[in-house]
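Asker:
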Amino acid sequence: MAKLFAVTILLIAIGSAIPILRHTWDAPPDISTHGTLIDEQMSDTMVEAGISFLVSQILLAFFIWKFSSSRPSDKIKTFPGGAKTIVWAAFLLVGTEVLALGVFGVKAWANVYLTPPSANALPIQVQAEQFAFYFRYPGPDGTFGPVHPEMINGATENFFGIDQTNDADSKDDIVTAEMAIPVNREIHLLMHAKDVGHSFFVPELRVQQDFVPGLDLSVHFTATRIGRYEIVCTQLCGLGHYNMKAYLSVLSAQNYDDWLKKQAALQ
Amino acid sequence: MHDVPVHHHAPPTSFLRKHVFSLDHKVIGKQYYGLALIAVFVGMILSWLMRIHLGWTNLAIPGLQLLSKSGAPGGIITPEYYLQLMTMHATIMVFFVLTTAPFAAFGNYFLPIQVGAEDMPFPHFNMMSFWVTFIGFVVLMSSFFVGDGPTLGGWTQYAPLSAVGAVSGPGQGTGVVLWATAIAIFCIGQLLGSLNFITTTLDMRTRGMSMWRLPFSAWAWFITSIMGLTAFAVLMPACILLILDHVAGTSFFVPGNLVINGQIQPHSGGSTLLWQHLFWFFGHPEVYIAIVPGMGIVSHVLTPNLRRPLLSHRVMVYSMGALAVLSYMVYGHHMFVSGMNPVSSLVFSFPTLVITIPSTIVVLIWMGSLYGAKLRINSPSLFALGFISMFITGGISGFFLAQPSIDIMLHATYFVVGHFHLVMGVAAMFGIFAGTYFWFPKMFGRMMNETLGKIHFWLSFVGAYCIFMPFHYLGIAGNVRRYPAFTDDYLQPLIPLHRFITVAAVLTGIAQFIFLYNLVHSRFWGKPAPENPWEATSLEWSTPSSPPPFDNFGGKLPTVYHDPHQYGVEGASADYVMQTSPEQIKSGHDEA
Amino acid sequence: MKSRYRRILSAVLSTVVLIGGGALILGQRVNAAGEGKITGSVKLNGAAPHMKGIDMSKDPYCAKAHATDPGHLETVVAGANGGLENVVLYISDGLSGSALTDVPTAVPVFDQKNCVYTPHVLAMDIGQKFKVVTSDQTAHNIHPNPNPMTGNIPWNQSQPPGAPPVEKSWKAAEVIPVQCNIHPWMHGWFVVVKGPYATTDSSGAYTINNVPPGSYTVTAWQEEYGTQTQKVTVAGGQSATADFTFKAK
């Protein structure tokens, strides 16, 4: 029974590692400039965690195999060095391992969150609501008009509550249901929640950030590959949470300008 | 023997006092176990419904429309009903199973016996603690049948979804109020219980029972009760504030100018992150409240089955203590992408990484103790070893989630679901199973069926890995959690994996009925248990009978001479020496 | 003693029979031949405002359904001859007896088709059952927003593809906006009225049937332009006419 148990642990450990090694289910390829660091951090962690996982499970299996068949006359042996070795090993091996991960990870995190967006980053506002994203481009004046919550009305498609007749800054604002961005240009995404908590997650872009009602946040990123990607919500926001999405189109600079003109005409 | 006579309360005679409103910690422990047993099967069946829906979204489940006509019209689960089932599954499992079974149930039954007391110091508090918890369960379950059903906000109940009322979704009105009421009531029960546990450990130890002579399980319950006292004391007011946001027009968790379904909400000035801070300040210690008793039980179950003491009693206890202390400093890792200051994320990430050190020490102590042992394979030891394997697997995925940069990719995905199910769900369940198979003979005077126990173990062990390992793959591929169906293009290739998990979950769930059968059958028709079936040394095996008499030790309190780890003792009459045995031994490991 | 009880009992019984019988006679429905109707048309005076197009890219199913014919808002739907569609006409004053209390047995249907509400405006009587169905292969949620002070209880329910119809009714007269939060452009109306009602077709024409003879105030409701009223007298078995004209803003 013990030997069977040991073999089972061994098989499960190896079996679990196979899909990881073969990349059967992998994260979608990165299309951002900051994602490389995150991906490196991920694969470093995967190597360390994978080794720890395999070593400890195999050791557990081996010990179960080895020490379950002793006879009554056998004497108890003590692990060489006893608990002291173990404490030292834990501090040195695991301590340095996790601290190294932590320290290296700071860079990947700081790269996303602790650097300001560059001055010429393109500002785009995204508003999350149950259960859709809407986007606002500031138009030629580069300024977003003020928001009037009492004017928000989905029936007239005034999703942001902007007053285009009275507010000068709002006149040229462009509201869209799809997010289009020019490739290789930094985007400064201003995030606003209309009702409850949501999240902005584009796996390919290596961006995930919650929308916090009452607290407008921002993230910045640069996409490097033209294509159409899904923006999904990862913060439980109600019955349509799984249907809350929008598309992100990364376009060439020319196509982006054309798209924006077309959207402006539709306002 | 210099046993101390006890003259406390006389055994009850009326049925009510004996079995219902009992003051006896043993009966209360069994009541907690019974409640957890009902809750765990309810929670498991809810998980079946969810899994079936995730695998085959349009499959009608016959009869489900009887439970909720609008939630499952024609037996097909609607998205909101899926989320309601999910919230209830999590709430039932976390609060009424993982907190009650390893901590309140076994702790109540065995802590007073293991310290050598005839009962807890406040029996009325103890009785109240169970009945209050029971009322909490009833209130929670009642939300299935009130209004438009239970809340759909998840067990974390993030505001403002949870705080603005029915306009934000089905069950977000009455459902949330009932949920918060149930949890607030539950907190009262656990506060009363924790108070009793702490006092029992500190004040009720019998002669010779120093703190260092307490077995691991007693230490674990003691540490857990300290965590419980501080964690539930935060959750309860948080729940009360949430209720006030619903019924008293306050805005603790709701900022101004929210427009929901076209209506401006009549709230202003609240903070949504406040709820997250309050909740996770409770929520992370709660994870350890669920797992530390499991660690204690596993250590306690392993020692007699290794026939040797663990490498170090003190290192083990210090590690559990370190986990408890650190658990308060790491809660921010749930909020890396929540909009909290990104510098705080880094600050919270380091203690989270450091917490792997005591966890590693605990695991290595078990493994190092396995080295050179005379391992006995039986149902309790199999589950204890299974616990170690699960704890390693679930713990290692914590390496990823502790890092804010990786959390950008893994937050709110199935990776998280796999991580916490293995480490606090399955591992804690294995701890409960190990405890059940181990202590059943003491609790009921009968043995559980070993063959059925082993079948149960094999199906559960392999099944749990089949269910929860693929969760990690789904998470790496970016599969968002809390989705009732997968409509996004990039999730389509993952549906076959979901179906595999569903099949595994249903089969593993069925295997749990073997356990239920074994439990019920052995209770009445099991083989009579010998006095000390596992040849263990701690005080519960020194009571005059199984189950122990009303005052535990038959009118006298025992005197303790040794620590509880006298296994493989050289020169002793057997290979183990009971804690109550005055036998003089030369021992290298009595650390008392 | 016994006879006294019997006397009281028979008195109570006969009172009940009298009142019941009286109510039956008084409340008896005027037969169909005696009922008249109100017909007419609703027109828009001036150019119809521009209706914004809808970007449905959020849901590929909806976008595909509108690939060739992009959706538009339906706040004001005017025909070629100025006929206004989706105007609800009902008798706001002058009804009495059974004409007021009778609830039609017909079950109007509110369909979600190609991510648009069909019809855009659904009129119904108080207590009348109506059905919400979906013809789409994508999930919707139906989230009407009544004022709870009227006695109408708000609800919010998903209808995934293939889900059975949702059957409901309203307790009080109210104009209730309804929306789908999954598709935020989907906005419609439940107009709950007391008594007979009609909704204009694409040419702006309407007919309110089953109107007993009498003098009434007819109200026309349009979501953008509000309400207008007219007095009209219906003779037994005859048809009265009431035409309305809304002025474009």
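Residue numbers (the numbering used here), protein chains in the order written: chain A, 242 to 508; chain B, 40 to 631; chain C, 1251 to 1499. C-beta: ideal position from N, C-alpha, C; glycine also.
What residues in the segment 1293-1315 of chain C bring their beta carbon closer than 9 Å to a beta carbon of chain A?
Answerer: Lys1302, Gly1303, Ile1304, Asp1305, Met1306, Ser1307, Lys1308, Asp1309 and Pro1310
Asker: Rounding to the nearest angstrom, what Cα-Cα distance links Phe1496/C and Ala396/A in this structure?
Answerer: For the purposes of this step, residue 1496/C is taken as the residue at position 246 of the third sequence. For the purposes of this step, residue 396/A is taken as the residue at position 155 of the first sequence. C-alpha separation (whole angstroms): 20 Å.
Asker: Contact criterion: CB-CB distance below 8 Å. Does Gly1401/C meet it with respect to chain B?
Answerer: Within the third sequence, numbered from 1, the residue matching residue 1401/C stands at position 151. By this cut-off, Gly1401/C is not an interface position.
Asker: Contact between the segment 132-140 of chain B and the segment 186-193 of chain B is defined here as three or more beta-carbon pairs at a separation below 8 Å; is this criterion met?
Answerer: no
Asker: Closer than 7 Å, Cβ to any Cβ of chain C: which residues of the segment 97-130 of chain B, in chain order?
Answerer: Asn97, Ser109, Pro112, Gly113, Ile115, Thr117, Pro118 and Glu119
Asker: Answer yes or no: does any C-beta atom of chain C fall closer than 8 Å to that of Asn300/B?
Answerer: Counting from 1 along the second sequence, the entry for residue 300/B is found at position 261. Interface residue, yes.
Asker: Would you mind working out which of Ile237/B, Phe430/B, Phe292/B and His373/B sits nearest His323/B, comparing C-alpha positions?
Answerer: On the second sequence, residue 323/B is found 284 positions in, with the first residue counted as 1. Selected option, being the one with the closest Cα: His373/B.
Asker: Between Ala611/B and chain A, is the shortest Cβ-Cβ distance under 8 Å, so that the two count as touching?
Answerer: Here the question's residue 611/B lines up with position 572 in the second sequence. False, the Cβ-Cβ gap to chain A never drops below 8 Å.
Asker: I need the DSSP call for Leu122/B, collapsed to helix, strand or coil.
Answerer: For the purposes of this step, residue 122/B is identified with residue 83 of the second sequence, where counting begins at 1. Taken through DSSP and simplified to helix, strand or coil, Leu122/B comes out as helix.
Asker: Using CA coordinates, which residue listed in Gln1407/C, Ala1422/C and Gly1412/C is at the minimum distance from Ser681/B?
Answerer: Missing from the structure shown is residue 681/B; chain B here goes from 40 to 631 and no further.
Asker: Put Tyr453/B into one of helix, strand or coil per three-state DSSP.
Answerer: Your numbering for residue 453/B matches position 414 in the second sequence. Three-state DSSP puts Tyr453/B in a helix.
Asker: Hey, could you find the ends of the alpha helix (DSSP H) Met482/B is sitting in?
Answerer: Position 443 of the second sequence, counted from the first residue, corresponds to residue 482/B. Met482/B -> alpha helix (DSSP H) spans Ala466 to Phe483.
Asker: Please report the straight-line C-alpha distance between His58/B and Gly68/B, rounded to a whole angstrom.
Answerer: As a position in the second sequence, residue 58/B is number 19, starting the count at 1. As a position in the second sequence, residue 68/B is number 29, starting the count at 1. Whole-angstrom Cα-Cα distance: 11 Å.
Asker: With 8 Å as the limit, tell me which residues of the segment 380-403 of chain A have their beta carbon closer than that to any beta carbon of chain C; keep them in chain order.
Answerer: Those residues of the segment 380-403 of chain A that come within reach of chain C (Cβ to Cβ, closer than 8 Å) are Gly395, Ala396, Thr397, Glu398 and Phe400.
Asker: What is the DSSP secondary structure of Asn591/B, counted as helix, strand or coil?
Answerer: Position 552 of the second sequence holds residue 591/B. Coil at Asn591/B, not helix or strand.
Asker: What residue from Val559/B, Leu558/B and Pro583/B has the CA that sits closest to Pro569/B's CA?
Answerer: Taking the first residue of the second sequence as 1, we reach residue 569/B at position 530. That would be Pro583/B, whose Cα lies nearest to the Cα of Pro569/B.
Asker: Which residues in the same chain as Val455/B place their Cβ atom closer than 7 Å to its Cβ, once the five residues preceding and following it in sequence are excluded?
Answerer: As a first step, residue 455/B is located in the second sequence; it is residue number 416 there, counting from the start. Leu440, Leu449, Gly514 and Arg520, listed in sequence order.
Asker: Can you tell me whether Arg1279/C is helix, strand or coil according to DSSP?
Answerer: In the third sequence, counting from the first residue as 1, residue 1279/C sits at position 29. Model confidence at Arg1279/C stands at a pLDDT of 48, short of 50, so the residue's coordinates are unreliable; what they give is reported in the following sentence. Of the three classes helix, strand and coil, the one that applies to Arg1279/C here is coil, per DSSP.
Asker: Does chain C have any CB closer than 8 Å to the CB of Leu278/A?
Answerer: To locate residue 278/A, count along the first sequence from 1; it is residue 37. So no, Leu278/A is outside the interface.
Asker: Grab the span of the alpha helix (DSSP H) containing Trp218/B for me, first residue to last.
Answerer: Start at 1 with the first residue of the second sequence, and residue 218/B comes out as number 179. Here the alpha helix (DSSP H) through Trp218/B covers Thr213 to Asp242.
Asker: Does Thr220/B pass the burial test, meaning 16 or more other C-beta atoms within 10 Å, or should it be called exposed?
Answerer: As a position in the second sequence, residue 220/B is number 181, starting the count at 1. That one is buried.
Asker: Which whole-angstrom value describes the C-beta separation of Ile91/B and Ile100/B, a residue pair presumed to lie in contact below a C-beta threshold of 8 Å?
Answerer: The residue labelled residue 91/B in the question sits at position 52 within the second sequence. The residue labelled residue 100/B in the question sits at position 61 within the second sequence. Ile91/B to Ile100/B, Cβ: 6 Å. Contact.
Asker: Could you say which of Lys435/A, Arg469/A and Ser493/A lies nearest to Pro1310/C if we only look at CA atoms?
Answerer: For this step, residue 1310/C is matched to residue 60 along the third sequence. Comparing alpha carbon positions, the residue from Lys435/A, Arg469/A and Ser493/A closest to Pro1310/C is Arg469/A.
Asker: Return the residue from the list Ile299/B, Ser577/B and Gly548/B that minimises the CA-CA distance to Lys481/B.
Answerer: As a position in the second sequence, residue 481/B is number 442, starting the count at 1. In this structure, Ser577/B is the residue among Ile299/B, Ser577/B and Gly548/B with its C-alpha nearest to the C-alpha of Lys481/B.
Asker: Strictly below 7 Å CB to CB, what residues from chain C border Phe372/A?
Answerer: Locating residue 372/A in the first sequence gives position 131, where the first residue counts as 1. Near Phe372/A (Cβ distances below 7 Å), the residues of chain C are Asn1431 and Ile1432.
Asker: Compare the Cα-Cα distances from Thr547/B to each of Ile471/B, Gly502/B and Tyr600/B and report the closest residue.
Answerer: For the purposes of this step, residue 547/B is identified with residue 508 of the second sequence, where counting begins at 1. Measuring from the Cα of Thr547/B, the nearest candidate turns out to be Gly502/B.
Asker: Taking the alpha carbon of Ala554/B as the reference point, which residue from Leu409/B, Phe472/B and Tyr370/B has its own alpha carbon closest?
Answerer: The count along the second sequence starts at 1 and reaches residue 554/B at position 515. For the sequence presented, residue 554/B should be read as Phe rather than Ala. Checked all of Leu409/B, Phe472/B and Tyr370/B; the closest Cα to Phe554/B is Phe472/B.
Asker: Name the chain A residues whose beta carbon is nearer than 8 Å to that of Leu392/B?
Answerer: Taking the first residue of the second sequence as 1, we reach residue 392/B at position 353. Residues of chain A passing the Cβ test: Val339, Leu340, Leu342 and Gly343.
Asker: Any beta-carbon of chain B closer than 8 Å to the one on Pro269/A?
Answerer: Position 28 of the first sequence, counted from the start, is the residue given in the question as residue 269/A. When Cβ-Cβ separations below 8 Å define contact, Pro269/A makes contact with chain B.
Asker: Using a Cβ-Cβ distance under 8 Å, would Asp42/B count as near chain A?
Answerer: Sequence index remark: in the second sequence, residue 42/B carries index 3 (1-based). Caution applies to Asp42/B, whose pLDDT of 48 falls short of 50 and renders its modelled position unreliable; the model cannot decide the point.
Asker: Any heavy atom of the ligand ZN closer than 7 Å to the CB of Ala373/A?
Answerer: This structure lacks the ligand ZN, and indeed carries no ligand of any kind.
Asker: Just tell me which of Thr269/B, Gln302/B, Ala270/B and Ser310/B has its CA closest to the CA of Thr289/B.
Answerer: The residue given as residue 289/B occupies position 250 in the second sequence. Per the Cα distances, Ser310/B.
Asker: Quick one: measure Cβ to Cβ for Asp285/A and Phe376/A, integer angstroms, because I've assumed they're closer than 8 Å.
Answerer: Along the first sequence, one-based indexing puts residue 285/A at 44. Along the first sequence, one-based indexing puts residue 376/A at 135. Contact flag wrong, Cβ pair sits at about 35 Å.
Asker: Rounded to whole angstroms, how far is the Cβ of Val1353/C from the Cβ of Asp1375/C, which I believe are closer than 8 Å?
Answerer: Reading the third sequence from its first residue, position 103 is the one you call residue 1353/C. Reading the third sequence from its first residue, position 125 is the one you call residue 1375/C. About 5 Å; that satisfies the 8 Å criterion.
Asker: Along chain B, which residues have their Cβ under 8 Å away from the Cβ of Asp451/A?
Answerer: For the purposes of this step, residue 451/A is taken as residue 210 along the first sequence, with counting starting at 1. Per Cβ cutoff of 8 Å: Val376, Ser377 and Gly378.
Asker: Please report the straight-line C-alpha distance between Leu312/B and Val340/B, rounded to a whole angstrom.
Answerer: Here residue 312/B refers to the residue found at position 273 of the second sequence. Here residue 340/B refers to the residue found at position 301 of the second sequence. One C-alpha to the other measures close to 42 Å.
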